[in-house]
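In this note's numbering, the protein residues as written are 1161 to 1471.
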């Protein structure tokens, strides 16, 4: 008699999954840290680690925990936030302001968790409800308007978290309001550029209140008129002062009328803006010969004089 035996065998494979593996984990500066990565699966997964970043002090590191099996592989990215006390980034310890002008005293400090900022004057904490303070991550600005000499003097900023604190002192001194630019003339134009001359010069003998640069504000005339002549919507472009050069306003739209104004800048702030002027970019297809040469006019003039064979 022949007997046949049948045995049913069932194979079960458990899908891999990450267990108790937070994607953001914390560690403190100058202490050892353990990054947890736990994986469940059948057959038992093979685990490997990948570190993506550089070991720089007071930075956030990222790493990957990768699991592999005969049928699948999965990756879990883990962010390690290194907690550290505030580290002062501000360098300026003197700022200037002119009568009826405004200065923003700036305090900047990197920290994890982010620092809480507070300002002090004569040893007393300044109430944010009584003084304008602009806040963002890692930075605080105390807005001061010089309507009375009593606002001049020493200010102190403190940046703190649960790991520590750092102080930064700023001396606010009275400066001189700069004069507006001596001229405001269009020297060149094409379909995306305006070349503007503001009479920039560098004095032969430097002084503390010299002009450091210029701020242009520019916007399409149509936008200016549609928004009730609101200059806060204008694009701002800052340039350093250079001797006898013109300034290029670029990345403009072809065939567009723009309204432009400009102010001088020194350590105490901005001058009054010039009266605005309207300039138009060329449309595509306008001959380059019809455009003013966009190189610095003063530089071209000097070259022409220097190499004129008929002199």
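Glycine included, C-beta positions come from ideal geometry on N, C-alpha and C.
None of the values given here were measured: they were computed from a predicted structure.
- Proximity of the stretch 1295-1306 to the stretch 1257-1275 meets the contact definition, three or more beta-carbon pairs being nearer than 8 Å.
- In the three-state reduction of the DSSP assignment, residue 1302 falls in the strand class, which pools E and B.
- The beta carbons of residue 1360 and residue 1402 sit closer together than 8 Å.
- A direct Cα-Cα distance of roughly 32 Å separates residue 1193 from residue 1251.
- For the 8 Å CB-CB criterion, residue 1318 and residue 1243 do not form a contact.
- A straight-line Cα-Cα distance of about 12 Å links residue 1368 and residue 1334.
- Judged by DSSP in its simplified three-state form, residue 1352 adopts coil rather than helix or strand.
- Under DSSP, residue 1268 takes part in a beta bridge, and its partners are 1299.
- Boundaries of the alpha helix (DSSP H) harbouring residue 1383: 1381-1386, taken from the DSSP string.
- DSSP lists 1373 as the beta-bridge partner residues of residue 1400.
- Secondary structure of residue 1311 (DSSP, three-state): helix.
- In this model, residue 1239 and residue 1325 are separated by some 25 Å (Cα to Cα).
- Take the alpha-carbon of residue 1425 and the one of residue 1344: they are about 15 Å apart.
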